[in-house]
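Enquirer:
Protein chains: 2
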Amino acid sequence: MPELTGNCLVAQSGGPTCVINSSLAGAVSEALNHECIEEIYGGLNGVLGILNEELVDLAAESQQTIRGLRYTPGAALGTCRYKLKKQQDFERVLQVFEAHNIRYFFYAGGNDSQDTADKISKLADERGFDLRVIGIPKTIDNDLVHTDHCPGYGSVIKHICTIVRQMACDNAAMGQGDLVSILEVMGRSAGWIAAGASLAKGKDRPHDPPHLIYLPEVAFSPDKFIEDVQRVLRREKYCLIVVGEGLVDKDGNYVSTTSAGSDSFGHAALGGAGDYLQNLLEENLGLKARAARLGYTQRAAATHISKTDSDEAFLAGQAAVRAAINGETDKMVTLLRGDSDQYTCETGLAPLSEVANGIKELPRDWIHEDGVSMNHQFYKYALPLIQGEIPVPYDNGLPVFAHLRKEKVKKHLEAYPID
Amino acid sequence: MPELTGNCLVAQSGGPTCVINSSLAGAVSEALNHECIEEIYGGLNGVLGILNEELVDLAAESQQTIRGLRYTPGAALGTCRYKLKKQQDFERVLQVFEAHNIRYFFYAGGNDSQDTADKISKLADERGFDLRVIGIPKTIDNDLVHTDHCPGYGSVIKHICTIVRQMACDNAAMGQGDLVSILEVMGRSAGWIAAGASLAKGKDRPHDPPHLIYLPEVAFSPDKFIEDVQRVLRREKYCLIVVGEGLVDKDGNYVSTTSAGSDSFGHAALGGAGDYLQNLLEENLGLKARAARLGYTQRAAATHISKTDSDEAFLAGQAAVRAAINGETDKMVTLLRGDSDQYTCETGLAPLSEVANGIKELPRDWIHEDGVSMNHQFYKYALPLIQGEIPVPYDNGLPVFAHLRKEKVKKHLEAYPID
Chain H
1 MPELTGNCLV
11 AQSGGPTCVI
21 NSSLAGAVSE
31 ALNHECIEEI
41 YGGLNGVLGI
51 LNEELVDLAA
61 ESQQTIRGLR
71 YTPGAALGTC
81 RYKLKKQQDF
91 ERVLQVFEAH
101 NIRYFFYAGG
111 NDSQDTADKI
121 SKLADERGFD
131 LRVIGIPKTI
141 DNDLVHTDHC
151 PGYGSVIKHI
161 CTIVRQMACD
171 NAAMGQGDLV
181 SILEVMGRSA
191 GWIAAGASLA
201 KGKDRPHDPP
211 HLIYLPEVAF
221 SPDKFIEDVQ
231 RVLRREKYCL
241 IVVGEGLVDK
251 DGNYVSTTSA
261 GSDSFGHAAL
271 GGAGDYLQNL
281 LEENLGLKAR
291 AARLGYTQRA
301 AATHISKTDS
311 DEAFLAGQAA
321 VRAAINGETD
331 KMVTLLRGDS
341 DQYTCETGLA
351 PLSEVANGIK
361 ELPRDWIHED
371 GVSMNHQFYK
381 YALPLIQGEI
391 PVPYDNGLPV
401 FAHLRKEKVK
411 KHLEAYPID
Chain A
1001 MPELTGNCLV
1011 AQSGGPTCVI
1021 NSSLAGAVSE
1031 ALNHECIEEI
1041 YGGLNGVLGI
1051 LNEELVDLAA
1061 ESQQTIRGLR
1071 YTPGAALGTC
1081 RYKLKKQQDF
1091 ERVLQVFEAH
1101 NIRYFFYAGG
1111 NDSQDTADKI
1121 SKLADERGFD
1131 LRVIGIPKTI
1141 DNDLVHTDHC
1151 PGYGSVIKHI
1161 CTIVRQMACD
1171 NAAMGQGDLV
1181 SILEVMGRSA
1191 GWIAAGASLA
1201 KGKDRPHDPP
1211 HLIYLPEVAF
1221 SPDKFIEDVQ
1231 RVLRREKYCL
1241 IVVGEGLVDK
1251 DGNYVSTTSA
1261 GSDSFGHAAL
1271 GGAGDYLQNL
1281 LEENLGLKAR
1291 AARLGYTQRA
1301 AATHISKTDS
1311 DEAFLAGQAA
1321 VRAAINGETD
1331 KMVTLLRGDS
1341 DQYTCETGLA
1351 PLSEVANGIK
1361 ELPRDWIHED
1371 GVSMNHQFYK
1381 YALPLIQGEI
1391 PVPYDNGLPV
1401 FAHLRKEKVK
1411 KHLEAYPID
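In order, the protein sequences belong to chains H and A.
Taking the working numbering, the leading residue of the first sequence gets 1, the next gets one more, and so forth.
Taking the working numbering, the leading residue of the second sequence gets 1001, the next gets one more, and so forth.
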């Protein structure tokens, strides 16, 4: 493979996770090791910043800042939900790459973002512009194909399990067989996140909280729900429920939608599944129930980052750079689990086009036959992903996160009109 | 003061906090130092357990467990919202105390609980039963009079500020001048908790998030709200809002109530102030906004306990025992702040009857004239309360909390009918 010399560009896309910045740190520190990479640029706000030619010099950031990215939530470069719409947008991306001699492009995101990366890669190939494009997996939704799991997932479920453990202490103190508390978690179309809450149960302790988990994969039945809660309250002092925001009825309709409609990718904006369950209980059983909705707080919960997740996110960033240096392109880094009983993880590669168009579903046979808990196959899968903690520095009583200086790279092109 | 020899009883009441168990640990470890206290009992579920003669032997707990209480949320002895209703209930309490030679009674709770303790104390006095009753302050609401602040408050606001700092990273990454996120926090009638979120701002950085704080103390105006949000979005990439659940309009009516009605003390059950704001924005500005509701998770957030708060809660438990040994009764321990610029805190005592009937309001002149932030007087008051962190032990990826063995004390009386 001939060596390709030029600059690299890293950008972040989609909803932030607690470890997407760890991937950025991995990519930057690996890029520094290779002389064929001359400048290390970051693109601000995903493809939006590329269209606007808003690039920053990542090599100018202090090592302290790059290290701090490992416990900093959000997306340090900024992200976007902007979707490249027309051929002209893609041409503009190549113009910007050409103007700045970008020969390596690393894009961290979910499947929409990998689709964008795939299209950029294919256009460069068509135009004969020598460019290597490697995607870095990122999504709390854990729904990318070809990868055992996605960076971001382990931390969000570790956070939710921590909350469940803490709430269980509170609820156990208050409950007299009449207390129901509901925790609404993210997960638009799959129950990966809600399912993860089951790890809060102790090993071989099926009656531990969360007592009931409602997943988008299991058609919701109000009658069964009422029975489920009654069964738990006959046995326990309280009933702790976790529900995925994307809960659907037997016809596949969301049980609850907010007035927000949909986001710019056409996804329905959700919220309120917890309130829906709360109302059902109050109307049918006269029980006081209280629903909490974690919302955006769950994907920003840096104080509960899984060290395993953060390390793997960093590794994915490093692996992306190494793959590109080795001549790979139009691929996404994947995480591959070893076969032994002791959990191990190494990286692989998968074609971007396949990642872009696939959705990894929560295996139905990992859901317990009761429909409201997960079986041992899920535990075996998910428990390794939440291991280890990352210390976050505090100052004056509060966590302090890293902020990039964002030294701007001089623009070479005319401004580009964005719709 | 003549020495009073007998057994002591500690019980916990009302909504749990992250540090009510620290007060329990303080009381138990101090009680062990005094020979006039023979047995150290815990009452399960507040007055409910006393009526039912459900006592446990706290001296039989391991030292490891007592130490673990310092980072364990909930209320290890259980709590209740049961209110002693009739004279007969109070007589029953004294019968149980007499049957178990309880001469020292320590009750950790808010003002309803201190009212109960006051009545028990006065009845014992009337009946000539030698009993010393000392209340231990506890409430995230921070609304007890005669005490500078309440154990539990520092930790809940430290948690909320941590969440705000984390969400700010997420929102800053996503926002393009069009993102509004809303965090609904507890606080039925006072804005102490919502106000505490202002500490998430850096020193002398009034434009830091949370950009807008809506308090029950300031009559809510939808028009001003819309203007506030527009003003922030002209300046910032996103607008992070904190709202207290007890937000009221100009006529003093809650802007939003759930169908849950009210709890057993007759308080209105709230929730939904965040959703209300979200809807206002969507309807009036067509903005997508996302509301998170922390609910019970905020008062159980052990991983964000303030060390200052935990230490003071422990101190309050110790001070309660010492005061009783010194002959005090019918009083609550208070926290007194020193006069110097360097924060110091020692304990005092206040009559239970005054605590029971008072409510400490958030001083109106601590609210900035913009109505949506706090001024330097609030910072000076609250910042010392969130200082320091407490490490929580983890096992297999999750925090592990202490659980009491709860060795039952043999009952001596007939069962008592509870309505």
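Ideal Cβ positions, reconstructed from N, Cα and C, are used throughout, including at glycine.
Starting from N7 of chain H, follow the beta strand (DSSP E) in both directions and report where the run begins and ends.
Expert: Taken as a continuous stretch (DSSP letters only), the beta strand (DSSP E) holding N7 of chain H covers 6-12.
Enquirer: Opposite E1184 of chain A in the DSSP bridges: which residues?
Expert: E1184 of chain A pairs with A:V1243, A:R1293.
Enquirer: In angstroms with no decimal places, state the Cα-to-Cα distance between A1269 of chain A and A1291 of chain A.
Expert: Residue placement at A1269 of chain A cannot be trusted, given a pLDDT of 44 that sits under 50; what the coordinates show is reported in the next sentence. Looking at the two C-alpha atoms, the distance is approximately 19 Å.
Enquirer: Taking Cβ-Cβ distances below 9 Å as the criterion, which residues of the region 1278-1304 of chain A are in contact with chain H?
Expert: Residues Q1278, N1279, E1282, E1283, K1288, A1289, R1290, A1291, A1292, R1293, L1294, G1295, Y1296, T1297, Q1298, R1299, A1300, A1301, A1302, T1303, H1304.
Enquirer: State the Cα-Cα distance for the pair P399 of chain H and C1169 of chain A, rounded to the nearest angstrom.
Expert: For P399 of chain H and C1169 of chain A, the distance between alpha carbons rounds to 12 Å.
Enquirer: Cβ closer than 8 Å: which chain H residues qualify as neighbours of L1398 of chain A?
Expert: K158, C161, T162, R165, L199, A200, I386, listed in chain order.
Enquirer: Return the bridge partner residues of P1151 of chain A from the DSSP annotation.
Expert: Beta-bridge pairing links P1151 of chain A to no other residue.
Enquirer: For A1219 of chain A, name the three-state secondary structure that DSSP assigns.
Expert: Looking at A1219 of chain A - three-state DSSP - the assignment turns out to be coil, as it is neither helix nor strand.
Enquirer: Just mark L1352 of chain A as buried or exposed, buried being the case when its beta carbon has 16 or more other beta carbons within 10 Å.
Expert: Looking at its Cβ environment, which holds 16 or more other Cβ atoms inside 10 Å, L1352 of chain A is buried.
Enquirer: Should R234 of chain H go down as buried or exposed, given a rule of 16 or more other Cβ atoms within 10 Å for buried?
Expert: So R234 of chain H ends up on the exposed side.
Enquirer: Less than 7 Å separating the beta-carbons of A76 of chain H and L404 of chain H?
Expert: Result yes, Cβ atoms of A76 of chain H and L404 of chain H sit closer than 7 Å.
Enquirer: Who are the Cβ neighbours of G1068 of chain A in its own chain at under 6 Å, not counting the five residues just before and after it?
Expert: Cβ within range, chain order: A1402.
Enquirer: Do we get a CB-CB distance below 7 Å when we pair P1016 of chain A with the residues of chain H?
Expert: For P1016 of chain A, the answer is yes, since a Cβ of chain H falls inside 7 Å of its Cβ.
Enquirer: Just to confirm my understanding: we take S259 of chain H, look at its own chain, exclude 5 residues before and 5 after, and list those with CB closer than 6 Å. What are they?
Expert: Confidence at S259 of chain H is low in this model, with a pLDDT of 35, below 50, so the placement of that residue should be treated as unreliable; the coordinate-derived value is given next. Hits under 6 Å: none found.
Enquirer: Quick one: what does DSSP say E1328 of chain A is sitting in, helix, strand or coil?
Expert: Coil.
Enquirer: My guess is that T431 of chain H and G348 of chain H are in contact by the Cβ rule of under 8 Å, so how many angstroms apart are they, rounded?
Expert: The structure shown does not extend to residue 431 of chain H, since chain H is modelled only from 1 through 419, so no value can be given for it.
Enquirer: Excluding five sequence neighbours on each side, which residues of the same chain lie with their C-beta closer than 6 Å to the C-beta of Q64 of chain H?
Expert: Closer than 6 Å at the Cβ level, and outside the excluded window around Q64 of chain H, lies no residue.
Enquirer: Since T72 of chain H is in the beta strand (DSSP E), which residue starts that stretch and which ends it?
Expert: Unbroken run through T72 of chain H: none, as it is neither H nor E.
Enquirer: Which residue's Cα is closest to the Cα of E1283 of chain A: A:I1226, A:G1244, A:G1043?
Expert: Here the closest residue by C-alpha is A:I1226.
Enquirer: Are the C-beta of A152 of chain H and some C-beta of chain A separated by less than 7 Å?
Expert: Just to set this straight, residue 152 of chain H is Gly in the shown sequence, not Ala. Taking Cβ atoms only, chain A never reaches closer than 7 Å to G152 of chain H, which makes this a no.
Enquirer: Nearest-angstrom Cα distance between A289 of chain H and Q387 of chain H?
Expert: If I take the Cα positions, the gap works out to 32 Å.
Enquirer: State the Cα-Cα distance for the pair A1350 of chain A and A1356 of chain A, rounded to the nearest angstrom.
Expert: The alpha-carbon atoms of A1350 of chain A and A1356 of chain A are separated by roughly 10 Å.
Enquirer: Quick test of your reading: L1440 of chain A and L1055 of chain A, contact by CB under 8 Å. State the CB separation rounded to the nearest angstrom.
Expert: Examination of residue 1440 of chain A is not possible in this model, given that chain A is present from 1001 through 1419 alone.
Enquirer: Tell me the DSSP secondary structure of S1306 of chain A in three-state form.
Expert: S1306 of chain A: strand per DSSP, three-state reduction.
Enquirer: List the endpoints of the continuous alpha helix (DSSP H) containing T1347 of chain A.
Expert: Taken as a continuous stretch (DSSP letters only), T1347 of chain A belongs to no alpha helix (DSSP H), being part of the beta strand (DSSP E) at 1345-1351.
Enquirer: Count the other C-beta atoms from every protein chain shown that fall within 10 angstroms of the C-beta of Q377 of chain H, then say buried if there are 16 or more, exposed otherwise.
Expert: Under this definition Q377 of chain H is an exposed residue.
Enquirer: Please list the partners that K1394 of chain A has in chain H, where partner means a Cβ-to-Cβ separation under 7 Å.
Expert: The residue you asked about is not Lys; residue 1394 of chain A is Tyr in the sequence shown. By Cβ distance, chain H contributes E389.
Enquirer: Which residues in the same chain as N171 of chain H place their Cβ atom closer than 7 Å to its Cβ, once the five residues preceding and following it in sequence are excluded?
Expert: Within the same chain, N171 of chain H has close Cβ partners L179, S181, Y238, L240.
Enquirer: Given a cut-off of 7 Å on the beta-carbon distance, is the pair G1187 of chain A and A1197 of chain A in contact?
Expert: No, the Cβ-Cβ distance between G1187 of chain A and A1197 of chain A is not below 7 Å.
Enquirer: Taking only three categories from DSSP, how would you classify R1132 of chain A?
Expert: Strand, per DSSP.
Enquirer: If you draw a straight line from the alpha carbon of S1022 of chain A to that of S155 of chain H, how long is it in whole angstroms?
Expert: Answer to the nearest angstrom: the Cα atoms are 29 Å apart.
Enquirer: Buried or exposed for H412 of chain H, please, with buried defined as at least 16 other CB atoms from any protein chain shown within 10 angstroms of its CB.
Expert: With fewer than 16 Cβ atoms within 10 Å of its Cβ, H412 of chain H is classed as exposed.
Enquirer: What would DSSP say about Y238 of chain H, mapped onto helix, strand or coil?
Expert: Of the three classes helix, strand and coil, the one that applies to Y238 of chain H here is strand, per DSSP.
Enquirer: Taking all protein chains shown into account, do 16 or more other C-beta atoms lie within 10 angstroms of the C-beta of D130 of chain H, making it buried, or fewer, making it exposed?
Expert: Under this definition D130 of chain H is an exposed residue.
Enquirer: In whole angstroms, what is the alpha-carbon distance linking S340 of chain H and N253 of chain H?
Expert: Taking the straight line from one Cα to the other gives about 41 Å.
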